[in-house]
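Undergrad: Let me give you the structure first, and then I'll get to my questions.
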Amino acid sequence: MAILFQKETNIFHLQTKNTAYQMKVAEYGVLLHNYYGQKLGEGDLSYLIMRADRGFSGNPYEAGADRTFSLDSLPLEYPCFGIGDYRTDCIQVIHEDGSNAIDFRYKSHEIQNGKYSLEGLPTMHWENGEGETLVINMEDAATGIKLKLYYGVLYEKDVITRAAEIINSKGNIIINRGLSLCLDFANERMDMIHFYGKHAMEREFERTPLHHGKHSIGSTRGTSSHQHNPFVILCTKDATEDYGDCYGISFLYSGSFLAEAEVDQIGQTRFVMGIQPDTFTWRLEEEESLFLPETALIYSHEGFSGLSLRLHDAIRENIIRGEWKHKRRPVLINNWEATYFDFDGDKLLAIAKDAKDLGIEMLVLDDGWFGKRDNDISGLGDWYVNEKKLKGSLKDLSQRVHEMGLKFGLWFEPEMVSEDSDLYRMHPDWTIKIPGRNPNRSRFQLVLDFSREEVYQTIRDMVFGILDEVPLEYIKWDMNRSITNLYSTALPAERQGELSHRYILNLYRFLEELTARYPHILLEGCSGGGGRFDAGMLYYCPQIWCSDNTDAIERLKIQYGTSFGYPIGSVGSHVSASPNHQTGRKTPWETRGTVAMSGSFGYELDLNKLTTEEKAVIKGQVREYHSYYNLIHEGDYYRLTSPYEDTRATAWQFVSKDKREGLFFAVVTGLQANPAPVIMKLKGLTAKAIYEVEGLRHTGEMLMLGGILLPVPTEEYQSYRYSIKMISN
Ligand code: GLA
Numbered sequence: 001m002a003i004l005f006q007k008e009t010n011i012f013h014l015q016t017k018n019t020a021y022q023m024k025v026a027e028y029g030v031l032l033h034n035y036y037g038q039k040l041g042e043g044d045l046s047y048l049i050m051r052a053d054r055g056f057s058g059n060p061y062e063a064g065a066d067r068t069f070s071l072d073s074l075p076l077e078y079p080c081f082g083i084g085d086y087r088t089d090c091i092q093v094i095h096e097d098g099s100n101a102i103d104f105r106y107k108s109h110e111i112q113n114g115k116y117s118l119e120g121l122p123t124m125h126w127e128n129g130e131g132e133t134l135v136i137n138m139e140d141a142a143t144g145i146k147l148k149l150y151y152g153v154l155y156e157k158d159v160i161t162r163a164a165e166i167i168n169s170k171g172n173i174i175i176n177r178g179l180s181l182c183l184d185f186a187n188e189r190m191d192m193i194h195f196y197g198k199h200a201m202e203r204e205f206e207r208t209p210l211h212h213g214k215h216s217i218g219s220t221r222g223t224s225s226h227q228h229n230p231f232v233i234l235c236t237k238d239a240t241e242d243y244g245d246c247y248g249i250s251f252l253y254s255g256s257f258l259a260e261a262e263v264d265q266i267g268q269t270r271f272v273m274g275i276q277p278d279t280f281t282w283r284l285e286e287e288e289s290l291f292l293p294e295t296a297l298i299y300s301h302e303g304f305s306g307l308s309l310r311l312h313d314a315i316r317e318n319i320i321r322g323e324w325k326h327k328r329r330p331v332l333i334n335n336w337e338a339t340y341f342d343f344d345g346d347k348l349l350a351i352a353k354d355a356k357d358l359g360i361e362m363l364v365l366d367d368g369w370f371g372k373r374d375n376d377i378s379g380l381g382d383w384y385v386n387e388k389k390l391k392g393s394l395k396d397l398s399q400r401v402h403e404m405g406l407k408f409g410l411w412f413e414p415e416m417v418s419e420d421s422d423l424y425r426m427h428p429d430w431t432i433k434i435p436g437r438n439p440n441r442s443r444f445q446l447v448l449d450f451s452r453e454e455v456y457q458t459i460r461d462m463v464f465g466i467l468d469e470v471p472l473e474y475i476k477w478d479m480n481r482s483i484t485n486l487y488s489t490a491l492p493a494e495r496q497g498e499l500s501h502r503y504i505l506n507l508y509r510f511l512e513e514l515t516a517r518y519p520h521i522l523l524e525g526c527s528g529g530g531g532r533f534d535a536g537m538l539y540y541c542p543q544i545w546c547s548d549n550t551d552a553i554e555r556l557k558i559q560y561g562t563s564f565g566y567p568i569g570s571v572g573s574h575v576s577a578s579p580n581h582q583t584g585r586k587t588p589w590e591t592r593g594t595v596a597m598s599g600s601f602g603y604e605l606d607l608n609k610l611t612t613e614e615k616a617v618i619k620g621q622v623r624e625y626h627s628y629y630n631l632i633h634e635g636d637y638y639r640l641t642s643p644y645e646d647t648r649a650t651a652w653q654f655v656s657k658d659k660r661e662g663l664f665f666a667v668v669t670g671l672q673a674n675p676a677p678v679i680m681k682l683k684g685l686t687a688k689a690i691y692e693v694e695g696l697r698h699t700g701e702m703l704m705l706g707g708i709l710l711p712v713p714t715e716e717y718q719s720y721r722y723s724i725k726m727i728s729n
């Protein structure tokens with residue numbers, strides 16, 4: 001049993017293979033958070049909760065003369081606004097009488113076999129009946145409004161999920177803030193690690209000591225965003241890659257979000273996460289309910305490596321779905337950086353021909369094949385084929401690509417419209433903009449109001465029309481701007497605050513319909529690169545284009561940051577031209593290969609312009625990638641150095657689950673005259689086994705405790721790819 005309720009103590013125990021989570025129904029039905037961390041038995045840890053009379057931190061009325069029971073200092077499982085807890089909270093509700101307080105207390109609970117799911121939202125899925133669910137029923141006594149707290153326990157993967165549902169029972173209420181999770185820590189002074197960025201430089205690592213007051217990150221952009229990622233780590237001061245307590249929290253949601261930590265007046269830490277309140281209100285009429293999206297929690301006492309390893313496995317097995325979950329992803333050539341908008345059917349076929357000769361398996365036709373779209377000023381929304389440009393139908397092109405023995409993929413940006421498009425001319429009111437205000441333009445495009453049913457149906461019919469006619473194995477689903485000026489002509493004034501979330505719900509509905517109807521199509525998510533790289537999107541898209549920045553050296557940081565919360569196989573990663581189009585940097589072919597191979601691999605350059613020698617390099621890389629495929633996609637991934645701290649070289653490693661094989665990758669990032677040695681300590685091997693690396697034989701412990709000595713580089717940005725083979729055990 002992974003979930004247990006002890007009647008005598010009123011304690012809920014949630015246990016995974018290596019972790020435990022404990023809650024207690026305390027006096028007056030207040031649900032306290034006792035513990036989350038390394039696994040321990042079933043003892044009641046509530047003796048650690050300090051009760052003290054604290055001035056200006058009042059007490060619930062029922063506490064009578066007991067001045068030590070204060071919601072302002074107790075560790076709570078789901079804190080509510082307006083009832084005496086002044087810390088950051090999970091829920092705020094405005095009632096019909098204008099009051100703004102809610103007080104959820106425990107009523108009952110249910111323990112169920114199997115995992116709950118949330119209609120219309122991505123959730124971790126438990127196959128083969130694995131997993132258990134706890135539903136705690138809470139109620140606000142004054143109004144009868146109910147709250148269900150959902151907990152899913154995935155024992156083997158060490159994952160606990162949380163979500164919530166609010167059920168209205170009286171009058172109309174407005175939910176002003178509805179977060180999915182709160183985690184209270186009694187006395188730890190923690191650091192928060194988050195992954196900030198910008199377009200073309202996503203998920204940079206930043207570690208911040210938490211301080212009195214609030215530290216928040218998030219997005220109000222309508223997407224999870226390039227600027228912040230909805231995956232964070234809370235850790236103790238001493239935590240490193242290999243040591244220390246850390247908690248990973250991943251939000252399975254692709255829209256605006258908030259992640260906020262607060263150190264309170266007595267030094268306790270609270271962390272909350274959920275839909276961004278700044279762009280959210282939700283009106284619930286009587287008997288209506290609302291799900292608050294899922295968060296996935298992972299704890300590790302073995303530092304960030306342990307955390308990432310578990311999370312990678314859980315995402316690969318329990319978030320990613322469908323035919324492509326474990327199926328080999330094709331090595332692709334994408335024409336974007338090869339041609340941008342300047343192509344025709346002949347050019348695409350010429351690239352396809354070279355691709356086939358080099359062992360590449362799929363041609364992806366990027367932006368520019370539809371409507372009037374020869375630059376980024378026009379055409380979005382007109383999802384009909386530009387046959388003049390393609391010199392024939394898209395079906396013909398697809399057939400010819402298939403006849404060459406390649407798969408064929410296509411780019412779409414369904415959520416957008418250009419002002420210069422037939423769709424916009426017909427339906428100017430289908431965009432998100434506020435009447436009487438000029439909309440904000442970005443990349444010359446406006447955002448379609450995806451919350452409107454007619455918009456949903458029209459775009460769906462256009463996209464499905466193409467998919468029904470043209471044989472395709474892959475779609476790149478793009479989204480190239482942030483949303484602002486939130487307003488929908490289809491919603492009444494009191495529901496305008498719902499637009500941002502309704503948009504995401506219909507996006508998920510579209511992706512669900514698409515993946516169900518075309519299960520053989522591999523979906524790659526994209527939002528100007530990695531602007532919507534989150535666990536919610538991975539439920540529909542097994543891979544996501546990681547960044548519009550294809551510079552191998554900048555990618556070291558981007559892919560390093562991404563690897564904390566997401567498996568390497570989900571990272572779309574391509575070799576592009578040198579000098580690089582985004583930075584102008586020159587890097588060797590092999591280095592571009594080394595970096596791009598640590599992901600879902602492909603190319604993004606004009607193959608027709610390459611010399612015979614360069615083509616031979618590509619052929620070799622594709623062959624090599626195939627031989628490494630299982631290690632990269634199914635193996636364990638270790639960060640060996642940090643590109644922020646280790647200035648000489650950045651290294652990482654893959655190890656097969658049975659530890660018989662591995663891969664060591666390193667890129668030189670700093671040259672020195674008369675250089676000091678660069679030694680890299682490997683990870684994850686069997687200590688006493690003998691391994692062969694670069695023709696030399698060593699025990700696993702020699703490689704892990706001693707390390708390997710990198711050769712002195714002869715060229716800037718040189719890279720190394722060593723295979724590691726167990727010789728004897
Ligand atoms: C975005 C994507 C790119 C490319 C362009 C096309 O920027 O991230 O890969 O598809 O759009 O306009």
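So the sequence shown is numbered by the UniProt record's numbering: it starts at 1 and just counts up by one.
In this text, a Cβ means the ideal position worked out from N, Cα and C, and glycines have one as well.
Treat the numbers as computed from the prediction; the structure is a model and nothing was measured.
Verify the contact flag: residue 381, CB atom, against every heavy atom of the ligand GLA, threshold strictly below 7 angstroms.
TA: Counted from its first residue, the sequence shown places residue 381 at position 381. No, the beta carbon of residue 381 sits no closer than 7 angstroms to any heavy atom of the ligand GLA.
Undergrad: Kindly identify the DSSP beta-bridge partner or partners of residue 422.
TA: In the sequence shown, residue 422 corresponds to position 422, counting from 1. In the DSSP output, where bridge partners are listed per residue, residue 422 has none listed.
Undergrad: Could you check which residue in 7, 10, 40, 32 has the C-alpha nearest to that of residue 16?
TA: In the sequence shown, the residue the question calls residue 16 occupies position 16. Taking only the C-alpha atoms, the option nearest residue 16 is 40.
Undergrad: Would you mind giving the Cβ-Cβ distance between residue 652 and residue 617, rounded to the nearest angstrom? I have them listed as a contact below 8 angstroms.
TA: On the sequence shown, position 652 is the one that residue 652 refers to. On the sequence shown, position 617 is the one that residue 617 refers to. Actually they do not touch by this definition, with Cβ atoms about 22 angstroms apart.
Undergrad: Under a Cβ-count criterion, where at least 16 other Cβ atoms within 10 Å of its own Cβ denotes burial, should residue 267 be classed as buried or exposed?
TA: As a first step, residue 267 must be located in the sequence shown, where it is residue number 267. Exposed, because fewer than 16 other Cβ atoms sit within 10 Å of the Cβ of residue 267.
Undergrad: The alpha helix (DSSP H) that contains residue 189, what's its start and end?
TA: Sequence index remark: in the sequence shown, residue 189 carries index 189 (1-based). No alpha helix (DSSP H) contains residue 189, which DSSP labels as neither H nor E.
Undergrad: Are residue 622 and residue 298 closer than 8 angstroms when you measure CB to CB?
TA: To locate residue 622, count along the sequence shown from 1; it is residue 622. To locate residue 298, count along the sequence shown from 1; it is residue 298. The answer is no: Cβ separation not under 8 angstroms.
Undergrad: Where residue 38 and residue 67 are concerned, what is the direct C-alpha to C-alpha distance, given to the nearest angstrom?
TA: Sequence index remark: in the sequence shown, residue 38 carries index 38 (1-based). Sequence index remark: in the sequence shown, residue 67 carries index 67 (1-based). Using only the alpha carbons, I get a separation of about 33 angstroms.
Undergrad: What do you get for residue 712, buried or exposed, if any count of 16 or more other CB atoms within 10 angstroms of its CB means buried?
TA: Translated into positions along the sequence shown, residue 712 becomes position 712. Exposed, by the Cβ-count rule.
Undergrad: Would you check if the segment 396-406 and the segment 439-450 touch, i.e. whether three or more CB-CB distances between them fall below 8 angstroms?
TA: Too few Cβ pairs lie closer than 8 angstroms, so no.
Undergrad: Note the first and the last residue of the continuous alpha helix (DSSP H) segment covering residue 622.
TA: As a working note, residue 622 is residue 622 in the sequence shown. Counting along the chain, the alpha helix (DSSP H) containing residue 622 begins and ends at 612-634.
Undergrad: Of the residues 303, 317, 384, 202, which one's Cα is nearest the Cα of residue 567?
TA: The sequence position of residue 567 within the sequence shown is 567, counting from 1. Of the listed residues, the one whose Cα sits closest to residue 567 is 317.
Undergrad: How is residue 28 classed by DSSP in three states: helix, strand or coil?
TA: Against the sequence shown, residue 28 aligns to sequence position 28. Note: residue 28 maps to helix in three-state DSSP.
Undergrad: Would you list the residues whose beta-carbon is nearer than 7 angstroms to any heavy atom of the ligand GLA, in the order they occur in the chain?
TA: Residues with a Cβ closer than 7 angstroms to any heavy atom of the ligand GLA, in chain order: 336, 366, 367, 376, 411, 476, 478, 480, 526, 528, 529, 545, 548.
Undergrad: Whole beta strand (DSSP E) runs in the segment 424-459 with 3 or more residues, listed along the chain?
TA: List check, beta strand (DSSP E) in window: 445-447.
Undergrad: Which ranges would you report for the beta strand (DSSP E) in the segment 197-225 if only whole runs of at least 3 residues count?
TA: Complete beta strand (DSSP E) runs here, min 3: 201-209, 213-218.
Undergrad: May I have the straight-line CA-CA distance separating residue 76 from residue 45, to the nearest angstrom?
TA: Residue 76 sits at position 76 when you count from the first residue of the sequence shown. Residue 45 sits at position 45 when you count from the first residue of the sequence shown. Rounded to the nearest angstrom, the two C-alpha atoms are 14 angstroms apart.
Undergrad: So, is residue 478 buried or exposed, given that buried needs 16 or more other C-beta atoms within 10 angstroms?
TA: Against the sequence shown, residue 478 aligns to sequence position 478. Buried, since its Cβ has 16 or more Cβ neighbours within 10 Å.
Undergrad: Could you work out which residue in 412, 602, 429, 674 is closest to residue 546 when comparing CA atoms only?
TA: Counting from one through the sequence shown, the residue named residue 546 turns up at place 546. The candidate whose alpha carbon is nearest that of residue 546 is 602.
Undergrad: With a threshold of 6 angstroms on Cβ separation, who are the neighbours of residue 183 within its own chain once the five nearest residues in sequence on each side are excluded?
TA: Within the sequence shown, the letter at position 183 stands for residue 183. Hits under 6 angstroms: 271.
Undergrad: Just the C-alpha distance for residue 510 and residue 245, rounded to the nearest angstrom, thanks.
TA: Within the sequence shown, numbered from 1, the residue matching residue 510 stands at position 510. Within the sequence shown, numbered from 1, the residue matching residue 245 stands at position 245. Whole-angstrom Cα-Cα distance: 39 angstroms.
Undergrad: What's the gap between the Cα of residue 384 and the Cα of residue 462?
TA: As a first step, residue 384 must be located in the sequence shown, where it is residue number 384. As a first step, residue 462 must be located in the sequence shown, where it is residue number 462. When rounded, the distance between both Cα atoms is 7 angstroms.
Undergrad: Considering just the uninterrupted stretch of the beta strand (DSSP E) at residue 601, what are its terminal residues?
TA: Along the sequence shown, one-based indexing puts residue 601 at 601. Counting along the chain, the beta strand (DSSP E) containing residue 601 begins and ends at 600-604.
Undergrad: Please check the pair residue 148 and residue 165, which I expect to be a contact at CB under 8 angstroms, by giving their CB distance rounded to whole angstroms.
TA: Locating residue 148 in the sequence shown gives position 148, where the first residue counts as 1. Locating residue 165 in the sequence shown gives position 165, where the first residue counts as 1. Yes, residue 148 and residue 165 are in contact; Cβ-Cβ is about 4 angstroms, under 8 angstroms.
Undergrad: Restricting to runs no shorter than 4 residues, where is the alpha helix (DSSP H) found entirely within the segment 343-393?
TA: List check, alpha helix (DSSP H) in window: 345-357, 387-390.
Undergrad: Using alpha carbons as the reference points, say which of 111, 514, 51, 143 lies closest to residue 99.
TA: What you label residue 99 is simply residue 99 of the sequence shown in a count that begins at 1. It is 143 whose Cα lies nearest to the Cα of residue 99.
Undergrad: How far does the beta strand (DSSP E) with residue 152 in it reach, from first residue to last?
TA: Position 152 of the sequence shown, counted from the first residue, corresponds to residue 152. Its beta strand (DSSP E) spans residues 146-154.
Undergrad: Tell whether a beta-carbon distance below 8 angstroms holds between residue 49 and residue 71.
TA: Start at 1 with the first residue of the sequence shown, and residue 49 comes out as number 49. Start at 1 with the first residue of the sequence shown, and residue 71 comes out as number 71. In this structure, residue 71 does not lie closer than 8 angstroms to residue 49 by Cβ.
Undergrad: Run through DSSP, which three-state label would residue 242 get?
TA: Your numbering for residue 242 matches position 242 in the sequence shown. Residue 242 falls in the coil class under three-state DSSP.
Undergrad: Just confirm the distance between the C-beta atoms of residue 295 and residue 257, as a whole number of angstroms; I'd bet it's less than 8 angstroms.
TA: Along the sequence shown, one-based indexing puts residue 295 at 295. Along the sequence shown, one-based indexing puts residue 257 at 257. Not confirmed; about 10 angstroms, so no contact.
Undergrad: Quick check on the DSSP output: the alpha helix (DSSP H) that includes residue 310 runs from which residue to which?
TA: Locating residue 310 in the sequence shown gives position 310, counting from the first residue. Segment 303-318, the alpha helix (DSSP H) holding residue 310.
Undergrad: In terms of residue numbering, what span does the alpha helix (DSSP H) encompassing residue 502 cover?
TA: For the purposes of this step, residue 502 is taken as residue 502 along the sequence shown, with counting starting at 1. It spans 499-517 - the alpha helix (DSSP H) in which residue 502 sits, taken as one unbroken run.
Undergrad: Using a 10 Å radius around the Cβ and a threshold of 16 neighbouring Cβ atoms, would you call residue 627 buried or exposed?
TA: Here residue 627 corresponds to residue number 627 of the sequence shown, with the count starting at 1. Looking at its Cβ environment, which holds fewer than 16 other Cβ atoms inside 10 Å, residue 627 is exposed.
Undergrad: Enumerated in chain order, which unbroken segments of the beta strand (DSSP E) with a length of 3 residues or greater are wholly contained in the segment 66-144?
TA: Runs found: 91-94, 104-113, 132-140.
Undergrad: Does residue 723 come out as helix, strand or coil in the three-state DSSP assignment?
TA: Your numbering for residue 723 matches position 723 in the sequence shown. Looking at residue 723 - three-state DSSP - the assignment turns out to be strand.
Undergrad: From which residue to which residue does the beta strand (DSSP E) around residue 166 run?
TA: Indexing the sequence shown from 1 puts residue 166 at position 166. Element bounds for residue 166: 159-167.
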